[in-house]
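Residue numbers for the sequence shown follow the numbering used here, beginning at 1076 and rising by one.
Ideal placement from N, C-alpha and C gives every residue a C-beta, glycine not left out.
It should be emphasised that the depicted structure is a prediction, and the values quoted were computed from it without experimental measurement.
Data block below; observations after.
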Amino acid sequence: MKGTRLKDVLGNKVFNKEKWDMLFGKFKKLATAIEMFKGSSMSIDDIEYRWVNDRIEYYEGEERLLTKSEMEHANELWNKYGGR
């Protein structure tokens, strides 16, 4: 099974850090949109918020990239919370 860490995904391909930094900047906007939508009653353990935040932390700490299904899920969350 192929991993999602940077070295596993890229193989011999060139890593475009600028592209991925931009993508994860959008993830930070998504996390903020979820917080704004749910307001002060949102639990710190909210599943959707935690999922987005975990992906950000994985990228920043472990250089873990997203899978196709993770990108699709993020798109669904954006349509639900950020596409206003």
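Given residue i as reference, the closest of the options once Cα atoms are compared
| i | options | result |
| --- | --- | --- |
| A1166 | E1138, M1111, G1136 and K1104 | One cannot answer for residue 1166 here, as it falls past the ends of the chain, which runs 1076 to 1159. |
| L1098 | S1144, Y1156, S1116 and I1131 | I1131 |
| F1090 | I1119, R1139, Y1156 and Y1133 | R1139 |
| E1147 | E1135, E1137, F1102 and S1115 | F1102 |
| D1096 | E1135, E1151, E1145 and S1115 | E1135 |
| N1154 | E1093, A1108, K1092 and K1094 | A1108 |
Residues near residue i by beta carbon distance below 6 Å, same chain, minus five either side
| i | result |
| --- | --- |
| N1128 | A1106 |
Same chain, Cβ closer than 8 Å to residue i, neighbours up to 5 away in sequence not counted
| i | result |
| --- | --- |
| E1110 | M1117 and Y1124 |
Bridge-paired residues (DSSP) for residue i
| i | result |
| --- | --- |
| R1130 | R1130 is not bridged to any residue. |
Same chain only: Cβ atoms within 7 Å of residue i, ignoring 5 sequence neighbours per side
| i | result |
| --- | --- |
| K1113 | D1121 |
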